[in-house]
Amino acid sequence: MDGNYTVLARKYRSQDFKSLIGQDVLVKTLTTAINTGRIAHAYIFTGIRGTGKTSTARILAKALNCLSSDRPTATPCGVCENCRAIAAGQHIDVMEIDAASHTGVDNMRDILDAVQYRPTNGRYKVYIIDEAHMLSVPAFNALLKTLEEPPEHVIFILATTDIRKVPVTILSRCQRFDLVRVPIETLKKHFAWIAEQEKIELTDAANELLARAADGSVRDGLSLLDQAIAQTGGHVDEKSVLDMLKRADRGVVVDFMETLLSGDTSAALAKADEIYNNGADLSMLLTDMMEWTHWATRMHPAIHAGTVTNSPYTADQRDKINKINSRISLNALSRIWQVMVASVPEMQASGNQKQCFDMLIIRLMHIADMPSVPEILKQTKSAQPNANLQTNDAQHTTNNDKLSIQNANDLANALQASKEILLYSYYTSNIEVVEISNYILKYFDRRGDADFAHKLSVWLNDKTGHAWTLERITESPHTHTITEQKKEELESDPMVASAMDLFADAEIVGIK
Ligand SMILES: [Zn+2]
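Just so you know, we're using the numbering used here here: the sequence shown kicks off at 699 and counts up by one.
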């Protein structure tokens, strides 16, 4: 690159409303207002960095002062004296103030003192206050006084990345515009167009990576593109952008998560070594793992029955995620997320990221393994969908004293003996057993809880060491549940019968 290289963000800065990237709503509202002569005395533009707040402010200043028309115009010419001076930041009536370096009240007073004088070359005196939230309270108060009674010829344009720090008294005097995060597709189109203008090669995959890394900011995306061009001499492909961002390929991340959640600790650590040795930044990798967890959660069957289409993954990668999702619970994903979030500051503070990352992997594997509190309460440890993650404590499935369940009462007793309180009470009060034989349970469920069959069959398989078939029939055979049976037996007991006779209104409400 030669010494005259202008950074892309400056070279391709939007010069009129039409070329503002991704701010369609703002452009429409603002142009209509200007064309119909409804000019406010104060505007505030808010949005993340690099979305075009200052550019919009300058375009607005041009629109107000362009000489191509005898009144403000939504289509400033860009070539008249005023337009050119404003674009270059050199117009005498258009003041750009960086609030970050002019936070004090004295600065603000100096600026506001000049407000009363009429513009020299333009129609309006325009004050653009960048990073307005940085102003001190006295500075805001001084500004407020002017905003309460602004001279006819003065327009204030405030720009801020943090609107919450701007006092409500100021906000209430400004017309507010929110600049949105520029969508990935819009950024890609813009970057592709610039690549064409610059005669550089930018592959679609590389463009996609840049647009995602830009996170809605045109300026951030363009400075990344600047860097990529400088590093590659103008042949920007996926590999070079990944290297530049110190990021692992998304496919690598998907494979890594697959290994991690398969429960094979040494394989996961080996894979982490490999990614690290290939030059990936581990906090970036953590970010990518969090992205994976976020999308896996969005795609989880417990949340989303259909397909999530706007994820950044290819069809192949989505298949892999779906496969993991079919055996991991939403609960486990949520705990994985929590551990990752907690690790972000840890990674930043740690002098040795690799050590920190390895420990994170081990923690994640244990967390994915652990039952949640409700799961512990239900003691259905083996019923977890992610049971195959339990590599270390799988012994409980291999003990030799297996249960034998021949009838409805056997099942009730076994559930009670193994303290499966919820399954026991559901089974005894809602299930009419039709038949139990050869590991087939045929039954009618009065309540129809879909979870019951799943949990019971997992429990049965585990306790008996056989694969059970649960056959739920849809018509009640009008037989009794275990509780009803016991109640009936009790009522026919001669001792109980005489007790019932003694108390005329007595009723058996429970059997303890
Ligand atoms: Zn002009």
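Where a beta carbon is used, it is the ideal one built from N, C-alpha and C, also for glycine.
Only a predicted model underlies this, so the values are computations on that prediction, with no experimental measurement involved.
Notebook entry, point to check: With which residues is T744 paired in a DSSP beta bridge?
Noted result: T858 and D876
Next item on the list: Would you tell me roughly how many angstroms separate the C-alpha atoms of A731 and I737, rounded to the nearest one?
Entry: 7 Å
Next item on the list: Can you tell me which of the three DSSP states Y1125 falls into?
Entry: helix
Next item on the list: Take the Cβ of A1040 as the centre, count every other Cβ of all protein chains shown within 10 Å, and call the residue buried at 16 or more, exposed below.
Entry: exposed
Next item on the list: Let me know if P881 comes out buried or exposed under the rule of 16 or more other beta-carbons within 10 Å of its beta-carbon.
Entry: exposed
Item checked: Below 5 Å from a heavy atom of ligand 1 - residues by beta-carbon -> C764, S766, P774, C775, C778 and C781
Notebook entry, point to check: Is D935 helix, strand or coil when you go by DSSP?
Noted result: For D935, the secondary structure class from DSSP, reduced to helix, strand or coil, is coil.
Notebook entry, point to check: At a cut of 8 Å, does the stretch 738-755 reach the stretch 846-856 through at least three beta carbon pairs?
Noted result: yes
Note to self: Our contact map puts P770 next to A761 with C-beta atoms below 8 Å; I'd like the distance itself, whole angstroms only.
What the structure shows: 6 Å
Next item on the list: Answer with buried or exposed for N1023, where buried requires no fewer than 16 other C-beta atoms within 10 angstroms of its C-beta.
Entry: buried
Margin query: Quick check on G919: buried or exposed, where buried means 16 or more other Cβ atoms within 10 Å of its Cβ?
Written below: buried
Notebook entry, point to check: Okay, do the stretch 1047-1060 and the stretch 964-973 touch, 3+ Cβ pairs below 8 Å being the bar?
Noted result: yes
Item checked: Per-residue burial, Y1141 [other beta carbons within 10 Å of its own, 16 or more giving buried] -> Of the residues assessed, Y1141 falls on the buried side of the cut-off, its CB having 16 or more other CB atoms within 10 angstroms.
Next item on the list: Could you tell me which of V1006, A1000 and E1044 sits nearest to R1025, measuring between CA atoms?
Entry: A1000
Margin query: Taking the beta carbon of Q1036 as the centre, do at least 16 other beta carbons fall within 10 Å, making it buried, or is it exposed?
Written below: Residue environment: Q1036 is assigned as exposed (fewer than 16 neighbouring CB atoms within 10 Å of its CB, all protein chains considered).
Notebook entry, point to check: Would a C-beta distance cut-off of 8 Å place N819 and D791 closer than the cut-off?
Noted result: yes
Notebook entry, point to check: What are the boundary residues of the alpha helix (DSSP H) that L967 is part of?
Noted result: T963 to N975
Note to self: Quick check for students: name the residue ranges of the beta strand (DSSP E) that lie wholly in the stretch 800-836, counting only runs of 3 or more.
What the structure shows: Counting only unbroken stretches of 3 or more residues, the beta strand (DSSP E) elements lying wholly within the stretch 800-836 are 823-828, in sequence order.
Next item on the list: Using three-state DSSP, classify D979 as helix, strand or coil.
Entry: D979 falls in the coil class under three-state DSSP.
Checklist line | Other residues of its chain near D1056: CB distance less than 7 Å, five sequence neighbours each side excluded | finding: L967 and A970
Check: How many whole angstroms separate the CB atoms of A678 and L885, which I take to be in contact at a CB cut-off of 8 Å?
Finding: The structure shown does not extend to residue 678, since the chain is modelled only from 699 to 1210, so the question has no answer here.
Item checked: Close Cβ partners of R711 (< 8 Å) along its chain, the five nearest in sequence each way excluded -> S753
Checklist line | Rounded separation between L718 and T1007 - CA only | finding: 28 Å
Item checked: Bounding residues of the alpha helix (DSSP H) (the contiguous stretch that carries E906) -> D902 to A912
Check: Along the chain, where does the alpha helix (DSSP H) that runs through R1170 open and close?
Finding: Taken as a continuous stretch (DSSP letters only), R1170 belongs to no alpha helix (DSSP H), being part of the beta strand (DSSP E) at T1167 to R1170.
Next item on the list: Consult DSSP for S1080 and reduce its assignment to one of helix, strand or coil.
Entry: Any reading at S1080 needs caution, since the residue's pLDDT is 47, under 50, leaving its predicted position unreliable; the model's value is listed next. S1080 falls in the helix class under three-state DSSP.
Notebook entry, point to check: Residue range of the beta strand (DSSP E) that E850 falls in?
Noted result: In the DSSP assignment, E850 falls outside any beta strand (DSSP E), carrying neither H nor E.
Checklist line | Own chain, CB closer than 7 Å to V950, minus 5 neighbours either side, in chain order | finding: I973
Margin query: Measuring alpha carbon to alpha carbon, tell me which residue in F838, K887, F889 and E883 is nearest L869.
Written below: F838
Next item on the list: Verify the contact flag: N1136, CB atom, against every heavy atom of ligand 3, threshold strictly below 7 Å.
Entry: Ligand 3 is absent from the structure shown, which contains only ligand 1.
Check: Taking three-plus beta-carbon pairs below 8 Å as touching, is the stretch 1147-1162 in contact with the stretch 1175-1187?
Finding: no
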